[in-house]
Amino acid sequence: MNVKVMHFVIAAVSLLLSVNAFAAAPIKIGALFAVTGPAAFLGEPERNSAKMVIDEINKAGGVKGHKLELVAYDTAGDATKAVQLATKLIKDDKVVAIIGPSTTGETMAVIPVAEKEQIPLISCSAGSKITDPVKKWVFKTAQNDSLAVGKIFEYLQKAKQTNVSILTVSDGFGASGREQLKNQAGKYGITIVSDDTYGPKDTDMTAQLTKIRGSHAQAIICWGTNPGPAVIAKNARQLGIKTPLFMSHGVSSKKFIELAGEAAEGIKLPSGKVVVADILPNSDQQKKSLMAFVKDYQKHYKAEGDHFGGHAWDAVMLIRNAIDNGADTSASIRDQLEKTRGFAGIGGSFNYSAQDHAGLGKDAFVLVEIKNKDWVIVK
Amino acid sequence: MQFDQILQYVLSGLSTGAIYALIGIGFSIIYNATGIINFAQGEFVMLGGLLTLSCLELLKLPLWAAIPCAIAVSTVVGILFERLAIRPLKQPTPINLVIITIGGSILIRGLAMLVWGKDTHAIPPFSGDTPIAIGGATILPQHLWILAITLLIIVINKVYFYHTISGKAMRACSYNRRAAGLVGIDVRRMVLFSFIISSAMGAVAGIIVAPLTMTAYDVGVMLGLKGFCAAIIGGMSSGISTVIGGLILGVLESLGAGLISSGYKDAIAFIILLLILFIRPQGLFGKADSERV
Amino acid sequence: MKKDLLLFTVFSIFIMLAPQLFSGGYLMNVLVFVGINTMLAIALNLLLGYAGQISLGHAGFFGLGAYLSGILTTTYSLNPWIAMPAAAIAVGFLAGIIGFPILKLKGHYLAMATLGLGIIIFIVFNETIELTGGPSGLPGIPNLELAGIIFDSDVKNYYLIWGFTLAVMLFSLNLSNSRIGRSLRAIHDSEVAAQVLGVNARLLKVQIFALSAVISSLAGSLYAHTMTFVSPASFGFNFSIELLTMVVIGGLGSIYGSFLGATLLTLLPEFLRAAHDYDIIIYGGLLMLMVMYMPGGLVRGIPVLFRKIVKKKGES
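Here's what the structure looks like:
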């Protein structure tokens, strides 16, 4: 009897001790961002945001007694490096989950590693094929390109401007956008009258625009990231093109307005809600997260937070919530992630399920117009 | 195909080509004086643009003062590069020189990334941005600046190389470095001169193009590559043939993008380049014993 | 000759035992890439160090091998062991055809032409989206499989890649000691003199160009089957330059030099990772210092350095 009690006490004490020891150990989260190289405009705000939100969480005492630790590596936008570093995160750093990479190409390269090693991967890139078909260990926070395309096409359909020219950048972002533009055109009764591309480092797009001018398009849709679209806006102005110009969510930051200057006026684009956080109605369920993100980012980095950074913010918060719900291993984090419902983040309101690892609906985007060097929501 | 469309392609091509030409001449001047293909040439283009930005925004200088200031600083970087990297080289074989200029270009780009960050920056145009109509085509006042400055630089080059002592000495170096040394020309000084001139020219190119194309720490790579092509087509001359080389490249790109396929426009330009080289291995204007300055 | 064989045997044993020294982990993954890059550096070195012909477009051949292997095994579900030689033959054939006009060029014209070739190949990868998947890349390439072993882990891939790399090394060492090697060096020193002595310089140059392309293509295929994913960004102009740097930093005309160069440039970014945004500056600076203070490359510089140290110790 006595012995049994002793055993019980020892077991209970050791269990308690082990739990305490476990609580003291930080939970390591890996991150792969393209902080340098051609996709640095994605990677840098992503890394900054991830660092920021993890600092904030730790300052508030961590999650369930655990501190979080971010192990972030720079992939320079290179798929080979991304795969190598994913292996490093898993094998050497022993992280429980990975956030990133920043671009679709890198993500596609890293997916086989995550699947094989059974580590949840929350990608910050937009390509639809990342989660379509659904892969067991792969989630994403960036809004699908198809949602952005849908937003523009809906508007054009209503405005009866059904002949459009598309001009896309010849990198992963542009190629994915171009594919979606072509695929969805039929659904909205839109005809693509010309289809051109430009190189990510090109400095003059008047040739493509001259061709478009001759094509009698009713709208021009340009899919790219800075600085290309700013050059295109300026070139279009030089050529006196009056056709309405649409951009992608790739340029929804103040930087674009600054670069394109006067030429930015009147351009419409689908954007995450972060750029219009302050003018959103209070009833918007994302408003609280958005305002917190914008305020924190301003405080930490003296710069405007953009929705790219928001993807990393969302990813960290999703993992935080999973841990908060009791998950502590890679497998349980994955299971908890899949149960995420109604998480109002920066990119939108997330609802993951076994059939949907992208988790966002059309309301993730708003169509905005640039007026007087600022954003206005297009009704 | 309408005439004004073609005219627009050609005009756009010419203004892009003029920039390639300026960068190309920078390549040629150093090549002729030293036999070095300076892969860091593009970085001076980047420095020109970004230094102008700093002069405008940090020092609050007016444009007319910011430009010479930017050129001067870029030239100092050029001098440092020659003094610290090129001159101390123990075995200046062509291939070692290629690697050292590549190393230099990576280093300069890295420093620029730290100083100016990774963002792209805009620079205001010299004289407004109201389009000017020519026939059915339009250009910007900045295009006229580019063409005028390119022309001016060619004239200055001509005067320098043919009517000044140091210019003539430099030409002598390009014909035969040893012979030039024997007749009393300080060849090392000429090497330094060539770096000064070409870094200044690279900076000028970077400054005049920045209002159109914007600038960032990594713009030098692509522009440098295109300038290199222009110099090759022109047979590594520092005169009019490199200018023609640059203009040909610019117009080919523009016509290729407009008429054939925008995705393949660089490929079209390079295929034509290869064909030119296959038919004339000594360059479009190269003669067996051609004058290279 | 005997000494060479001994050296190679010792080197091979070292390579085969290396995984025991650095047990597992991420380092194995890096060492797999050291193997691939060594193969590529040797391929370029045969052309540059032995025949004296520069190429700024070798990443293109590497990419062609990777993409051909990738496309043949995914879209056409061919066995990787058939796809690999098929890709190599196709690339060798292409290089042979292009080699004739391109190798007529000299000096910087040759540099320009090969650079252009590399860029054209890169653009084709990017633009033929139906075939290559375009900029987003080509996923789902199968791993190699031999006698029931699937090469899907870093350790297995290490032995696979290094098996091929050692074979390429042995082949290249033999080549440089053969009649062909001597003829090549003759071309390197003076093409005219070599021709006078009865070397068919033009044909030999084209042959070595094609051989170099075949080895690069093989490395590309192995890369594709190891990574199971390829995208154009890995085969751009920058990688051509990196290969050139490996060859020169390692030591022109030396097979072991290529190994040293590839090892240094593959491992360097791993050590510089801690330096964050400063890594690019350190990388550029080191490159310059290496050329300044070891102009003959690592393979010649290290012994000199070693002797200097020994001498200093002897003096003190």
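Protein chains in written order, with the working numbering: chain V, -8 to 370; chain E, 493 to 785; chain R, 6 to 321. Where is the CB? At the ideal position from N, CA and C, for every residue including glycine.
Give a yes or no on whether the C-beta atoms belonging to residue i and residue j are separated by under 7 Å.
i, j, result
"Thr132(V)", "His348(V)", "no"
"Met3(R)", "Val173(R)", "A question about residue 3(R) goes unanswered here, because the residues of chain R that appear run from 6 up to 321."
"Leu33(V)", "Phe356(V)", "no"
"Asp84(V)", "Val62(V)", "yes"
"Ser666(E)", "Asn530(E)", "no"
"Pro773(E)", "Lys109(R)", "yes"
"Thr119(R)", "Leu61(R)", "yes"
"Val285(V)", "Ala41(V)", "no"
"Asn34(R)", "Thr66(V)", "no"
"Ser730(E)", "Ile563(E)", "no"
"Leu328(V)", "Phe144(V)", "no"
"Gly336(V)", "Tyr343(V)", "no"
Taking 7 Å as the CB-CB cut-off, is residue i touching chain E?
i, result
"Glu132(R)", "yes"
"Phe13(V)", "With a pLDDT of only 48 at Phe13(V), under the threshold of 50, the placement of this residue in the model should not be trusted, and no figure is reported."
"Ala56(R)", "no"
"Val309(R)", "no"
"Phe124(R)", "The question names Phe, but residue 124(R) is Ile in the sequence shown. Closer than 7 Å: yes."
"Ala118(R)", "yes"
"Ser137(V)", "no"
"His113(R)", "yes"
Compare the C-beta of residue i with all C-beta atoms of chain V and state if any pair is closer than 7 Å.
i, result
"Ser566(E)", "no"
"Asn84(R)", "no"
"Met706(E)", "yes"
"Pro623(E)", "yes"
"Tyr72(R)", "no"
"Ser239(R)", "yes"
"Ser226(R)", "no"
"Gly509(E)", "no"
"Leu643(E)", "no"
"Tyr652(E)", "no"
Do we get a CB-CB distance below 7 Å when we pair residue i with the residues of chain R?
i, result
"Thr122(V)", "no"
"Asp83(V)", "yes"
"Met99(V)", "yes"
"Thr71(V)", "yes"
"Ala166(V)", "yes"
"Asn588(E)", "yes"
"Lys582(E)", "yes"
"Ile591(E)", "yes"
"Leu8(V)", "Caution applies to Leu8(V), whose pLDDT of 49 falls short of 50 and renders its modelled position unreliable; the model cannot decide the point."
Output, in sequence order along the chain, the residues in the segment 742 to 768 of chain E whose CB is closer than 7 Å to any CB in chain R.
-> If the cut-off is 7 Å between Cβ atoms, the segment 742 to 768 of chain E has Gly755, Tyr756, Asp758, Ala759, Phe762, Ile763, Leu765 and Leu766 near chain R.
What are the residues of the segment 35 to 64 of chain V that lie near chain R, defined by any Cβ-Cβ distance shorter than 8 Å?
-> Identification of residues in the segment 35 to 64 of chain V having a C-beta nearer than 8 Å to some C-beta of chain R yields Tyr64, given in sequence order.
Please determine if the segment 646 to 660 of chain E and the segment 214 to 225 of chain V are in contact, where contact requires at least 3 C-beta pairs separated by less than 8 Å.
-> Short answer: they don't touch.
Chain E contacts from the segment 242 to 256 of chain R (Cβ-Cβ distance under 8 Å) = Taking 8 Å as the Cβ-Cβ cut-off, the segment 242 to 256 of chain R approaches chain E at Phe242, Ile246, Leu249, Thr250, Val253 and Ile254, given in chain order.
Quick one, which residues of the segment 242 to 265 of chain V are near chain E if we go by CB-CB under 9 Å, in chain order?
-> Taking 9 Å as the Cβ-Cβ cut-off against chain E, the residues of the segment 242 to 265 of chain V that qualify are Lys246, Glu249, Leu250, Ala251, Gly252, Glu253 and Ala254.
Could you tell me whether the segment 139 to 159 of chain V touches the segment 177 to 193 of chain V, where touching means 3 or more Cβ pairs closer than 8 Å?
-> Judged by Cβ distances under 8 Å, the segment 139 to 159 of chain V makes contact with the segment 177 to 193 of chain V, as three or more pairs qualify.
Of the residues that make up the segment 595 to 613 of chain E, which ones have a beta carbon closer than 8 Å to any beta carbon in chain R?
-> Close to chain R, meaning a Cβ-Cβ distance shorter than 8 Å, are the following residues of the segment 595 to 613 of chain E: Gly595, Gly596, Ser597, Ile598, Leu599, Ile600, Arg601, Gly602, Leu603, Met605 and Leu606.
Taking a cut of 7 Å between CB atoms, which residues from the segment 173 to 199 of chain V lie near chain E?
-> Residues of the segment 173 to 199 of chain V that bring their beta carbon within less than 7 Å of a beta carbon in chain E comprise Asp187, Thr188, Tyr189, Gly190, Lys192, Thr194, Asp195, Thr197, Ala198 and Gln199, in sequence order.
Cβ pair count under 8 Å reaching 3, the segment 235 to 255 of chain V against the segment 187 to 196 of chain V | Using a C-beta cut-off of 8 Å, the segment 235 to 255 of chain V makes no contact with the segment 187 to 196 of chain V, since fewer than three inter-stretch Cβ pairs fall below that distance.
If contact means a Cβ-Cβ distance below 7 Å, which residues of the segment 224 to 237 of chain V contact chain E?
-> Of all residues in the segment 224 to 237 of chain V, the ones placed with a Cβ closer than 7 Å to any Cβ belonging to chain E are Gln229, Leu230 and Gly231, in chain order.
Continuous alpha helix (DSSP H) assignments of at least 4 residues falling wholly in the segment 217 to 283 of chain R | DSSP runs (the alpha helix (DSSP H)) wholly in the segment 217 to 283 of chain R: 242 to 255 and 260 to 277.
Where in the segment 40 to 89 of chain R do unbroken runs of the beta strand (DSSP E), each at least 3 residues long, occur, reported from the N-terminal end onward?
-> Under the rule that a run must span 3 or more residues, no beta strand (DSSP E) segment is found entirely inside the segment 40 to 89 of chain R.
Would you list, in chain order, the members of the segment 275 to 294 of chain R that have their beta-carbon closer than 7 Å to a beta-carbon of chain E?
-> Result list: Asp282, Ile285, Ile286, Tyr288, Gly289, Gly290, Leu292 and Met293.
Contact between the segment 54 to 73 of chain R and the segment 239 to 252 of chain R: three or more CB pairs below 8 Å?
-> Touching, yes, given that three or more Cβ pairs across the two stretches are closer than 8 Å.
Taking the runs of the beta strand (DSSP E) that are 3 residues or longer, which of them lie wholly in the segment 704 to 784 of chain E?
-> When DSSP assignments are scanned along the segment 704 to 784 of chain E, no uninterrupted stretch of beta strand (DSSP E) that is 3 or more residues long falls wholly within it.
Contact set between the segment 150 to 173 of chain R and chain V, restricted to residues whose Cβ is under 8 Å from the partner | Close to chain V, meaning a Cβ-Cβ distance shorter than 8 Å, are the following residues of the segment 150 to 173 of chain R: Asp157 and Asp159.
If you measure beta-carbon to beta-carbon, which residues of the segment 654 to 674 of chain E are closer than 9 Å to chain R?
-> Taking 9 Å as the Cβ-Cβ cut-off against chain R, none of the residues of the segment 654 to 674 of chain E qualify.
Runs of beta strand (DSSP E) wholly within the segment 161 to 191 of chain V (minimum 3 residues, chain order) = Entirely contained in the segment 161 to 191 of chain V, the beta strand (DSSP E) runs reaching 3 residues are, in chain order, 182 to 189.
Please list the segments of the beta strand (DSSP E) lying wholly inside the segment 202 to 257 of chain V, counting only runs of 3 or more residues, in order along the chain.
-> If we require 3 residues or more, the beta strand (DSSP E) runs fully inside the segment 202 to 257 of chain V come out as 210 to 214.
Entirely enclosed alpha helix (DSSP H) segments - the segment 107 to 188 of chain R, minimum 4 residues = The alpha helix (DSSP H) runs of length 4 or more contained entirely in the segment 107 to 188 of chain R are, from start to end of the chain, 112 to 132, 134 to 137 and 159 to 182.
Proximal residues, the segment 140 to 170 of chain V versus chain R, C-beta separation under 7 Å = Per Cβ criterion, the list reads Ser161, Asp162, Gly163, Ala166 and Ser167.
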